[in-house]
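Working notes, beginning with the structure itself.
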Amino acid sequence: MRARTFSITILFFILLRVVFLTSLPIVTDEAIYMHWGSKFLTTWDDPQMPLSLQGKQAATLLTLGISQLAPLDPLVAARLSTVLFSLLVFLAFQSNSLALLLLATSPLFLFFNRLAIPDTAVAASYTLAMVLAFKLQKKPTVLHSLLLGLTVAVGWWFKSTALLALPAIFFTVGIRGILPILIALLFSIGLIQIPLLHRVVPLSQTEHVFTIAQLLAFPWTFWLNNVVMVLEAILIMSSPIALLAFFQNKIFKQKTLWIWFLTPVVSEIVLAKIFNLRYLIMAVPAFCLLLAFLLERKRIFSGIVVTTSLFLSVFMVVNPIGFYTSLTLLSSVKQDISQYVTGWASGWGVKETAEFLQNEAKSGPITVFVRLDSGNPESAMYVYLRNNKNIRILPITYLPSVPTISSYFVSRGTQYADLGDRLEEVIRFPKPLDNEFVGIYRIN
105 MRARTFSITI LFFILLRVVF LTSLPIVTDE AIYMHWGSKF LTTWDDPQMP
155 LSLQGKQAAT LLTLGISQLA PLDPLVAARL STVLFSLLVF LAFQSNSLAL
205 LLLATSPLFL FFNRLAIPDT AVAASYTLAM VLAFKLQKKP TVLHSLLLGL
255 TVAVGWWFKS TALLALPAIF FTVGIRGILP ILIALLFSIG LIQIPLLHRV
305 VPLSQTEHVF TIAQLLAFPW TFWLNNVVMV LEAILIMSSP IALLAFFQNK
355 IFKQKTLWIW FLTPVVSEIV LAKIFNLRYL IMAVPAFCLL LAFLLERKRI
405 FSGIVVTTSL FLSVFMVVNP IGFYTSLTLL SSVKQDISQY VTGWASGWGV
455 KETAEFLQNE AKSGPITVFV RLDSGNPESA MYVYLRNNKN IRILPITYLP
505 SVPTISSYFV SRGTQYADLG DRLEEVIRFP KPLDNEFVGI YRIN
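Our numbering runs 104 ahead of the 1-based position in the sequence shown.
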């Protein structure tokens with residue numbers, strides 16, 4: 105690709121990810137990881153501080169903690185760190201201009217590239233592992249094996265699903281390349297063991313995946329639901345009309361790309377007890393490469409695919425609520441995206457609550473009490489208010505019988521933590537798609 109074309113494409117890629125970056129407000133997962141990330145920086149040497157949180161390892165907490173040190177809105181700073189990881193995927197594709205455009209405009213990939221969650225970092229690890237595995241397939245070297253091991257290990261430091269690269273590596277390199285695979289695997293295991301030495305890392309993460317005993321019971325209902333989710337998700341990996349490209353004779357010529365696409369897809373279908381769309385974004389780069397191969401020499405059709413995909417992506421960026429409500433025919437996808445747009449887990453009204461309390465604190469110190477819980481708005485209050493010297497944030501268990509300074513309670517809808525008779529409503533910020541709200545109450 106020419107330097108000028110590449111520069112324009114990368115600028116286009118970045119703009120789609122940073123323009124209107126907060127059009128979707130802070131979601132509950134972001135609030136949790138950002139809160140723990142900031143705590144991680146100040147208490148990392150505490151022997152009781154876990155290096156893993158809900159299946160996300162130390163690198164997730166460290167990255168989000170460091171990003172919040174930037175002199176920016178904390179949510180913007182955290183989301184920009186995710187955009188940087190998406191750039192790693194982009195740079196791995198620099199030799200294929202059509203694949204770059206398909207990746208840049210993929211609605212599914214773009215949606216999660218704009219959230220401060222670790223799945224884009226895992227997708228970067230998985231994609232770089234794919235590139236290195238292709239190199240090993242052509243010419244096995246110790247250097248590439250070590251780099252491959254490092255890539256997988258670093259991905260695991262963000263999230264355990266990065267290990268799905270290992271079966272794909274084996275099927276790509278084959279028996280002839282077993283030695284470099286072993287070198288890479290042993291190197292990965294060695295690096296992975298470093299954080300596992302920490303004594304309080306929770307090693308059990310079975311709430312989201314099936315145990316062996318559960319798999320042997322053949323949970324067909326779950327598997328069928330997962331298949332439906334995957335089929336619907338494929339429709340927003342690019343433009344829905346892109347699927348027409350798969351109806352041609354050369355569909356299976358790129359067997360290695362199919363391996364890298366199907367490995368996470370099949371693994372999640374079979375193993376996921378609780379399936380989330382974000383689990384699939386690591387499969388999107390391989391999907392875009394496959395699609396680029398199938399659209400080769402079909403300029404008009406390629407242009408239509410990229411244009412319609414771009415339209416969907418811009419619509420999603422500018423109007424996330426409108427995009428969500430338009431997903432009527434994709435019921436499983438819509439239900440999954442609802443966790444980011446509707447209900448208490450959505451971020452509507454959260455920043456407005458923080459800004460209201462910051463204005464209240466201009467006249468003197470205040471204490472903000474929240475329920476002893478994680479998510480929105482509790483974790484988000486720590487994210488937005490922790491640097492304000494006039495605001496002290498405490499769990500409700502620390503509430504004295506008689507507050508000595510101005511004290512406020514931030515509620516998750518009507519969850520008042522048994523304080524109903526002591527609360528005087530100040531203001532509430534409703535969420536646009538349901539009856540949920542974030543409330544601010546003065547404590548008497």
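Ideal Cβ placement from N, Cα and C applies to all residues, glycine included.
Helix, strand or coil at residue i [DSSP, three-state]
| i | result |
| --- | --- |
| Gln55 | In the structure as shown, the chain begins at 105 and stops at 548. Residue 55 is therefore absent and cannot be evaluated. |
| Tyr545 | strand |
| Val313 | strand |
| Ile470 | strand |
| Ser308 | Bear in mind that a pLDDT of 49 at Ser308, under 50, signals an unreliable position, so the model cannot answer this. |
| Val514 | strand |
| Arg496 | strand |
| Phe275 | helix |
| Lys263 | strand |
| Val410 | helix |
| Gln443 | helix |
Beta-carbon spacing of residue i, residue j below 9 Å
| i | j | result |
| --- | --- | --- |
| Leu184 | Phe194 | no |
| Ser430 | Ile470 | no |
| Leu219 | Ala233 | no |
| Val256 | Ser292 | yes |
| Val445 | Met333 | no |
| Ser48 | Thr209 | As displayed, the chain neither begins before 105 nor continues past 548, which places residue 48 out of reach and without an answer. |
| His139 | Ser478 | yes |
| Ile385 | Thr224 | yes |
Identity of the residue in the options nearest residue i by Cα
| i | options | result |
| --- | --- | --- |
| Leu192 | Asn463, Ala227, Ile547 | Ala227 |
| Leu283 | Leu268, Val313, His248, Cys392 | His248 |
| Gly407 | Ala233, Phe274, Ser342 | Ser342 |
| Ile415 | Gln198, Thr126, Leu168, Leu214 | It is worth fixing the name first, because residue 415 is Phe in this sequence and not Ile. Out of Gln198, Thr126, Leu168, Leu214, Leu214 has the C-alpha closest to the C-alpha of Phe415. |
| Thr109 | Asp133, Leu125, Ala162, Leu204 | Leu204 |
| Leu177 | Glu459, Pro504, Ile509, Tyr512 | Reading off the sequence, residue 177 comes out as Asp, not Leu. Minimum Cα distance to Asp177 is reached at Glu459. |
| Ala237 | Glu529, Thr412, Gly278, Phe391 | Gly278 |
| Ala465 | Tyr512, Val410, Gly447, Phe351 | Tyr512 |
| Leu295 | Phe379, Val334, Ile363, Phe262 | Phe262 |
| Pro129 | Ala272, Val422, Thr113 | Val422 |
| Ala182 | Gly453, Ala196, Arg121, Ile441 | Arg121 |
| Phe274 | Ser264, Leu267, Ile285, Ala266 | Ile285 |
| Ala361 | Leu395, Leu381, Asn330 | Sequence check: residue 361 is Leu here, not Ala. Here the closest residue by C-alpha is Leu395. |
| Val487 | Phe427, Val454, Tyr502, Gly468 | Val454 |
| Phe419 | Ile112, Leu165, Ser127, Gly468 | Ser127 |
Distance, residue j Cα to residue i Cα
| i | j | result |
| --- | --- | --- |
| Val313 | Phe326 | 11 Å |
| Trp260 | Pro507 | 46 Å |
| Lys377 | Leu320 | 14 Å |
| Gln80 | Val258 | Given a span of 105 to 548 for the chain in the structure shown, any question on residue 80 remains unanswerable. |
| Val542 | Ile425 | 18 Å |
| Lys527 | Val374 | Going by the sequence as given, residue 527 is Leu instead of Lys. So the two alpha carbons sit approximately 48 Å from each other. |
| Leu179 | Gly169 | 11 Å |
| Phe356 | Thr231 | 20 Å |
| Ile114 | Leu433 | 33 Å |
| Leu307 | Gln318 | A caution first: Leu307 carries a pLDDT of 48, below 50, which makes its placement in the model unreliable, though a value can still be read off. Computed Cα separation, rounded: 19 Å. |
| Leu289 | Val187 | 28 Å |
| Asn539 | Ala135 | 21 Å |
| Ser142 | Arg490 | 9 Å |
In chain order, what are the residue ranges of uninterrupted alpha helix (DSSP H) at least 4 long that sit wholly in the stretch 199 to 229? 201 to 209, 211 to 217
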